[in-house]
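Trainee: To convert, note that position 60 of the sequence shown is 61 in this note's numbering; the numbers rise steadily by one, no gaps.
All C-beta atoms in this analysis are idealised placements derived from N, C-alpha and C, irrespective of residue type, glycine included.
In this text the structure is predicted, and so the values were computed from the model without any measurement.
Input: one structure, supplied below.
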Amino acid sequence: DAKLIEKALSDAGVIYKIVFDKKDFQDELENPFYTDFLILGDQHPLEDHFSEVLMKQVASGKGLISSLFNRQNLDKEVFGIKFKGGLSGGDYPVELIESDISQETTFQSIGKSLRIEYEGDEQASNENVLGWSIKTTKKGIETYPGIIRNQYGSGDVLYYAFDLGM
2 DAKLIEKALS DAGVIYKIVF DKKDFQDELE NPFYTDFLIL GDQHPLEDHF
52 SEVLMKQVAS GKGLISSLFN RQNLDKEVFG IKFKGGLSGG DYPVELIESD
102 ISQETTFQSI GKSLRIEYEG DEQASNENVL GWSIKTTKKG IETYPGIIRN
152 QYGSGDVLYY AFDLGM
């Protein structure tokens, strides 16, 4: 819902530009005005050249929030994830861990979720996984990383394994 996203950004005092297709995003990618990028959904994959431009932007210190969007050449280094497929069904509760960017709470994600792992050492995963997707099965409860924080070069990255825009 673009209007809801626009309201949230305006309420936060953020100057922004929303684009709806990859060509417009690719045109804006090297604009020096932007300090951060937010990619919602996985409907318009970037071509290799543009994902490399995005990598350079983040390495130089720009922030990136990616929600459901992943790309093989970005997954490990930039996002800090290992893509394992999708979780069956959808609408999973997400438990946030208390951190410098969130309070401990639980909320409901809407739509599909990805099955990912943190791609780093196990000790760091305690600091890098900021939220867990909770799946209830007949055998009990399974947890999967739902939000991962990563550092790439000088840039900060948040990866959401569900569609934050939903």
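1. Can you tell me where the beta strand (DSSP E) with Leu-97 in it begins and where it stops?
2. Quick check on Ser-38: does DSSP put it in helix, strand or coil?
3. So what's Val-15 in DSSP terms, helix, strand or just coil?
4. Are Tyr-145 and Val-130 close, meaning C-beta to C-beta below 7 Å?
5. Between the beta-carbon of Gly-112 and the beta-carbon of Met-167, is there less than 7 Å?
6. Here's a check: name, in chain order, each residue in its chain whose Cβ is nearer than 8 Å to the Cβ of Ile-98, leaving out the five neighbours to either side.
7. By how many angstroms is the C-alpha of Glu-128 removed from the C-alpha of Asp-101?
8. Touch check for the region 14-31 and the region 44-55: three-plus C-beta pairs under 8 Å?
9. Using alpha carbons as the reference points, say which of Ser-67, Lys-4, Asp-12, Phe-80 lies closest to Phe-38.
10. Indicate whether Asp-164 and Leu-47 have their beta-carbon atoms separated by less than 7 Å.
11. Within the 7 Å Cβ cut-off, does Gly-121 reach chain B?
12. Starting from the C-beta of Glu-78, find all residues in its chain whose C-beta is less than 7 Å away, skip the five residues before and the five after it, and write them out in chain order.
13. Going by beta-carbon coordinates alone, are Ile-117 and Ile-82 separated by less than 7 Å?
14. Using 7 Å as the threshold, is the C-beta distance between Gly-87 and Leu-115 below it?
15. Which two residues bound the contiguous alpha helix (DSSP H) that contains Asp-25?
16. Does Asn-74 come out as helix, strand or coil in the three-state DSSP assignment?
Mentor: The relevant details are as follows:
1. Against the sequence shown, residue 97 aligns to sequence position 96. Start and end: 94-97.
2. On the sequence shown, position 37 is the one that residue 38 refers to. At residue 38 the sequence reads Phe, which differs from the Ser that was named. Here Phe-38 sits in strand by DSSP.
3. As a working note, residue 15 is residue 14 in the sequence shown. Looking at Val-15 - three-state DSSP - the assignment turns out to be coil, as it is neither helix nor strand.
4. Residue 145 sits at position 144 when you count from the first residue of the sequence shown. Residue 130 sits at position 129 when you count from the first residue of the sequence shown. Taking 7 Å as the Cβ cut-off, Tyr-145 and Val-130 do not qualify as a contacting pair.
5. Within the sequence shown, numbered from 1, the residue matching residue 112 stands at position 111. Within the sequence shown, numbered from 1, the residue matching residue 167 stands at position 166. Cβ atoms of Gly-112 and Met-167: closer than 7 Å.
6. In the sequence shown, residue 98 corresponds to position 97, counting from 1. Glu-105, Val-130, Leu-131, Gly-132, Trp-133.
7. Taking the first residue of the sequence shown as position 1, residue 101 is located at position 100. Taking the first residue of the sequence shown as position 1, residue 128 is located at position 127. Answer to the nearest angstrom: the Cα atoms are 11 Å apart.
8. yes
9. For this step, residue 38 is matched to residue 37 along the sequence shown. The shortest C-alpha separation from Phe-38 is found at Ser-67.
10. Looking up residue 164 in the sequence shown gives position 163. Looking up residue 47 in the sequence shown gives position 46. Not in contact: Asp-164 and Leu-47 (Cβ atoms no closer than 7 Å).
11. No chain B is part of this structure, which consists of one protein chain only.
12. Residue mapping note: residue 78 aligns to position 77 of the sequence shown, counting from 1. Result list for Glu-78: Tyr-153, in chain order.
13. The count along the sequence shown starts at 1 and reaches residue 117 at position 116. The count along the sequence shown starts at 1 and reaches residue 82 at position 81. Yes, the Cβ-Cβ distance between Ile-117 and Ile-82 is below 7 Å.
14. Taking the first residue of the sequence shown as 1, we reach residue 87 at position 86. Taking the first residue of the sequence shown as 1, we reach residue 115 at position 114. The answer is yes: Cβ separation under 7 Å.
15. Locating residue 25 in the sequence shown gives position 24, counting from the first residue. 23-29 is the span of the alpha helix (DSSP H), which, as asked, contains Asp-25.
16. By one-based count along the sequence shown, residue 74 stands at place 73. Asn-74 falls in the helix class under three-state DSSP.
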